[in-house]
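Residue numbers (the working numbering): 67 to 220. We put the CB at the ideal spot given by N, CA and C, even for glycine. Reading through the structure tokens given below for one structure.
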């Protein structure tokens with residue numbers, strides 16, 4: 067969590083989009099530093115928990131959308147200057163092109179599968195890898211979380 071928030075270097079002017087937000091862990095943490103945060107998740111139970119977490123922490127600058135990431139990206143007209151992506155093990159998939167169209171200044175990608183991360187990073191044209199941190203959340207297994215900061219090129 068700390069790596070994601072510190073990589074983003076948030077301030078009170080930032081509008082953050084948290085894709086595949088789950089129960090809102092990153093969204094709620096980012097809201098402490100950003101102007102606004104929108105979390106998007108297609109799993110109904112996860113969004114129910116995210117909304118409950120928002121209420122219990124009394125955080126007002128977070129909005130959660132219960133829809134697939136792809137559907138949200140196809141219809142949003144909002145501008146976000148920073149994006150968090152924490153996709154399933156398969157990676158971002160066909161949503162990747164729509165993420166790039168948002169032209170955020172920075173993207174933090176959290177991956178639980180190095181192969182999916184590698185495949186997705188090859189397609190992030192217009193962005194450069196600025197930082198990488200591996201986090202071993204499951205010691206003595208092959209599972210490693212990888213946090214990557216992508217900065218818009220040029």
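(Q) Am I right that residue 113 and residue 132 are in contact with their C-beta atoms under 8 Å? What's the rounded C-beta distance? (A) Sure, about 4 Å apart at Cβ, within 8 Å.
(Q) According to DSSP, simplified to helix, strand and coil, what is residue 70? (A) Note: residue 70 maps to helix in three-state DSSP.
**Q.** Expected contact under 8 Å - CB spacing of residue 187 and residue 195 to nearest Å
**A.** Correct: roughly 7 Å between the Cβ atoms.
**Q.** Neighbour-count burial assignment, residue 74, 16 or more Cβ in a 10 Å radius
**A.** So residue 74 counts as buried.
Q. When you compare only the Cα positions, how much space is there between residue 199 and residue 212?
A. Approximately 6 Å between the Cα atoms of the pair.
Q. Closest to residue 214 by CA distance: which of 206, 220, 193 is it?
A. Nearest C-alpha to residue 214 among 206, 220, 193: 193.
Q) Does the region 171-183 touch the region 130-145, meaning 3 or more C-beta pairs lie closer than 8 Å? A) Verdict: no, contact absent.
Q) Can you check whether the CB of residue 97 is closer than 7 Å to the CB of residue 135? A) No, they are not a contact pair.
(Q) Going residue by residue through the region 108-135, where are the continuous beta strand (DSSP E) segments of at least 3 residues, counting only ones entirely within it? (A) The region 108-135 contains these whole beta strand (DSSP E) runs: 128-132.
**Q.** Whether residue 152 touches residue 86 by CB criterion (7 Å)
**A.** The beta carbons of residue 152 and residue 86 sit closer together than 7 Å.
Q. Using a threshold of 6 Å, is the CB atom of residue 200 nearer than that to any non-hydrogen atom of the ligand ZN?
A. Only the bare structure without any ligand can be found here, which leaves the ligand ZN out of the picture.
Q. If you run the structure through DSSP and keep just helix, strand and coil, what is residue 186?
A. Three-state result, residue 186: helix.
Q.
Measuring straight from C-alpha to C-alpha, what distance separates residue 115 and residue 155?
A. Roughly 21 Å between the two C-alpha positions.
Q: Determine the burial state of residue 69: buried for a count of at least 16 other Cβ atoms within 10 Å of its Cβ, exposed for fewer.
A: It counts as buried.
Q) Going by the CB atoms, is the gap between residue 93 and residue 109 shorter than 7 Å? A) In this structure, the beta-carbon distance from residue 109 to residue 93 does not fall below 7 Å.
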